[in-house]
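**Q** Residue 325 in the numbering used here is what sits at position 157 of the sequence shown, and the numbering runs on without skipping anything. Every residue, glycine too, gets a C-beta built ideally from N, C-alpha and C. Bear in mind the structure is a predicted one, so any value in this text is a computation, not a measurement.
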Amino acid sequence: MKNVQILGTGSYVPSNIVTNDMLSQYVETSDEWIVSRTGIKTRYISKDETTTELAINAAKLALQDSNTTADEIELIIVATITQDTLTPSTACNVQAAIGAKNAMAFDISSACSGFIYGIDIASQFIKNGAYKKALIIGAEVLSKIIDWNDRSTCVLFGDGAGAAVIATGDEVGITSVQCRADGSKGGSLTCSAVDLKNIYNSGTKDFHDKVVMNGKDIFKFAVAVLEKSIERILVENNLNIDDIDYIVPHQANFRIIEAVSKRKNYDINKFYMNLSKYGNTSSASIILALDELNKKNLLKKGDKIIIIGFGGGLTYGSALINWNKVSK
Numbered sequence: 169m170k171n172v173q174i175l176g177t178g179s180y181v182p183s184n185i186v187t188n189d190m191l192s193q194y195v196e197t198s199d200e201w202i203v204s205r206t207g208i209k210t211r212y213i214s215k216d217e218t219t220t221e222l223a224i225n226a227a228k229l230a231l232q233d234s235n236t237t238a239d240e241i242e243l244i245i246v247a248t249i250t251q252d253t254l255t256p257s258t259a260c261n262v263q264a265a266i267g268a269k270n271a272m273a274f275d276i277s278s279a280c281s282g283f284i285y286g287i288d289i290a291s292q293f294i295k296n297g298a299y300k301k302a303l304i305i306g307a308e309v310l311s312k313i314i315d316w317n318d319r320s321t322c323v324l325f326g327d328g329a330g331a332a333v334i335a336t337g338d339e340v341g342i343t344s345v346q347c348r349a350d351g352s353k354g355g356s357l358t359c360s361a362v363d364l365k366n367i368y369n370s371g372t373k374d375f376h377d378k379v380v381m382n383g384k385d386i387f388k389f390a391v392a393v394l395e396k397s398i399e400r401i402l403v404e405n406n407l408n409i410d411d412i413d414y415i416v417p418h419q420a421n422f423r424i425i426e427a428v429s430k431r432k433n434y435d436i437n438k439f440y441m442n443l444s445k446y447g448n449t450s451s452a453s454i455i456l457a458l459d460e461l462n463k464k465n466l467l468k469k470g471d472k473i474i475i476i477g478f479g480g481g482l483t484y485g486s487a488l489i490n491w492n493k494v495s496k
């Protein structure tokens with residue numbers, strides 16, 4: 169089986185920054201209330217940029233960072249739950265915009281685990297020799313599916329996109345990838361799509377096209393997934409926690425990460441977090457954080473990074489990245 173490596177990353181967010189104080193003008197909340205419960209201080213909210221536009225910009229930056237031309241890309245996967253159109257897919261729109269004329273393109277819907285699901289799928293194509301280079305994107309405009317009158321959810325989420333180019337390589341790169349789901353718990357985090365309206369049906373009585381979340385259920389699920397995923401990767405690779413340079417979890421809530429750190433006696437500084445700046449960007453959150461690590465030159469060749477996603481579905485996924493990219 170072939171090795172799969174990350175060649176480059178990119179990320180893009182809207183220009184409009186929304187602070188906690190700004191949100192307090194719309195719902196009954198405060199900066200202190202939000203920060204103490206989530207760790208979030210700001211988030212980026214789109215005024216007019218679409219999910220597709222965010223994805224395109226992140227893709228272009230990832231191609232640039234990886235020194236890859238668009239026609240070298242053979243597979244494009246976009247992870248999103250906020251696509252602009254049911255068809256064409258966001259991935260097809262990205263393919264057209266960047267000129268990746270040789271690429272297979274499709275979207276996946278795995279919510280906050282989406283980027284890792286995309287990595288898992290693309291890695292299989294690369295390992296079996298079907299493709300050599302793939303572009304994986306996580307992109308969301310969550311602001312359009314948020315109930316801005318519900319302070320329990322509207323303070324959490326932001327808009328953004330991140331992308332990574334992955335390819336075959338001589339060294340071990342992405343390994344120990346595992347994605348799973350527990351659909352029996354799906355009701356803990358929901359958002360309806362297109363209502364059933366036709367000549368026979370006037371619509372669903374309880375149709376709700378905004379995010380509804382049971383915070384306590386998600387907290388318990390997330391803490392369990394983080395603990396289990398870290399332990400699995402350490403055991404599979406005969407490592408201990410000190411061998412890991414960074415843990416990049418889905419950026420949902422500081423309290424989730426803090427709980428795992430305390431329960432397992434892990435150094436909180438080993439968890440890379442930027443949720444205070446971006447909030448929860450669902451499928452974009454992990455790659456936004458990974459790209460930030462990359463762009464800040466905080467990663468060196470040989471570093472070991474655990475990435476972990478968890479969210480709607482309920483879904484979860486994790487992987488170990490052996491960083492092969494040489495900083496510029």
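Pull up the DSSP beta-bridge partners for methionine 272, would you.
**A** In the sequence shown, counting from the first residue as 1, residue 272 sits at position 104. Leu243, per the DSSP bridge assignment.
**Q** Expressed to the nearest angstrom, what Euclidean distance is found between the alpha-carbon atoms of isoleucine 454 and valine 416?
**A** The residue you call residue 454 lines up with position 286 of the sequence shown. The residue you call residue 416 lines up with position 248 of the sequence shown. Distance between the alpha carbons of isoleucine 454 and valine 416: 7 angstroms.
**Q** Run the CB neighbour count on tryptophan 316, radius 10 Å, all protein chains shown included, and call it buried at 16 or more, exposed below.
**A** To locate residue 316, count along the sequence shown from 1; it is residue 148. Tryptophan 316 comes out exposed.
**Q** Under 6 angstroms: does the beta carbon of asparagine 492 sit that close to some heavy atom of the ligand FMN?
**A** In terms of ligand content, the structure shown is empty, and the ligand FMN therefore cannot be addressed.
**Q** Give the range of the beta strand (DSSP E) segment to which cysteine 347 is assigned.
**A** Position 179 of the sequence shown, counted from the first residue, corresponds to residue 347. From DSSP, the beta strand (DSSP E) with cysteine 347 extends over 342-349.
**Q** Can you find a C-beta in chain C that's less than 7 angstroms from the C-beta of valine 172?
**A** Annotation note: the requested chain C is absent from the structure, which comprises a single protein chain.
**Q** Tell me which residue opens and which closes the beta strand (DSSP E) that threonine 253 is part of.
**A** By 1-based counting over the sequence shown, the position of residue 253 is 85. Threonine 253 -> no beta strand (DSSP E), and no H or E assigned at all.
**Q** Going by DSSP in three states, tyrosine 368 sits in which element: helix, strand or coil?
**A** Translated into the one-based positions of the sequence shown, residue 368 becomes position 200. Correct three-state label for tyrosine 368: coil.
**Q** Given a cut-off of 7 angstroms on the beta-carbon distance, is the pair alanine 230 and alanine 335 in contact?
**A** Mapped onto the sequence shown, residue 230 falls at position 62. Mapped onto the sequence shown, residue 335 falls at position 167. No, they are not a contact pair.
**Q** Using the three-state DSSP reduction, which class does lysine 472 fall into: helix, strand or coil?
**A** The residue labelled residue 472 in the question sits at position 304 within the sequence shown. Reduced to three states, the DSSP call for lysine 472 is strand.
**Q** Since lysine 493 and isoleucine 174 are thought to touch, with beta carbons under 8 angstroms apart, how far apart are those beta carbons, to the nearest angstrom?
**A** Numbered from 1 along the sequence shown, position 325 holds the residue referred to as residue 493. Numbered from 1 along the sequence shown, position 6 holds the residue referred to as residue 174. Between isoleucine 174 and lysine 493 the Cβ distance is about 6 angstroms, and since that is below 8 angstroms, they are a contact.
**Q** I need the straight-line Cα distance from alanine 390 to lysine 432, nearest angstrom please.
**A** If you number the sequence shown from 1, residue 390 lands on position 222. If you number the sequence shown from 1, residue 432 lands on position 264. Looking at the two C-alpha atoms, the distance is approximately 14 angstroms.
**Q** Compare the C-alpha of valine 309 against each of Asn408, Leu394 and Ser451 and name the closest.
**A** Along the sequence shown, read from residue 1 onward, the residue named residue 309 stands at position 141. The option with the nearest alpha carbon to valine 309 is Ser451.
**Q** Note the first and the last residue of the continuous alpha helix (DSSP H) segment covering aspartate 288.
**A** For the purposes of this step, residue 288 is taken as residue 120 along the sequence shown, with counting starting at 1. Element bounds for aspartate 288: 282-295.
**Q** Indicate the three-state DSSP secondary structure (helix, strand or coil) for leucine 488 in the structure shown.
**A** On the sequence shown, position 320 is the one that residue 488 refers to. Of the three classes helix, strand and coil, the one that applies to leucine 488 here is strand, per DSSP.
**Q** Among Met272, Phe325, Asp363 and Ser486, which one has its Cα closest to the Cα of lysine 445?
**A** Here residue 445 refers to the residue found at position 277 when the sequence shown is read from its first residue. For the residues Met272, Phe325, Asp363 and Ser486, the minimum Cα distance to lysine 445 belongs to Phe325.
**Q** Hey, would you say threonine 219 sits closer than 7 angstroms to valine 333, going by beta carbons?
**A** Along the sequence shown, one-based indexing puts residue 219 at 51. Along the sequence shown, one-based indexing puts residue 333 at 165. No, these two residues do not count as a Cβ contact at 7 angstroms.
**Q** Per the DSSP calculation, leucine 303 is bridged to which residue(s)?
**A** Translated into positions along the sequence shown, residue 303 becomes position 135. Its beta-bridge partners are Ile244 and Val333.
**Q** May I have a chain-ordered list of the beta strand (DSSP E) segments no shorter than 3 residues that lie completely inside the stretch 198-236?
**A** Counting whole runs of 3 or more residues, the stretch 198-236 contains the beta strand (DSSP E) stretches 210-212.
**Q** Using the three-state DSSP reduction, which class does glutamate 426 fall into: helix, strand or coil?
**A** Taking the sequence shown and counting its residues from 1, the one referred to as residue 426 is at position 258. Of the three classes helix, strand and coil, the one that applies to glutamate 426 here is helix, per DSSP.
**Q** Which one or two residues does DSSP pair with leucine 357 in a beta bridge?
**A** Counting from one through the sequence shown, the residue named residue 357 turns up at place 189. Met381, per the DSSP bridge assignment.
**Q** Taking DSSP as the reference, what is the three-state secondary structure of valine 362?
**A** By one-based count along the sequence shown, residue 362 stands at place 194. Residue state, collapsed to three classes: coil.
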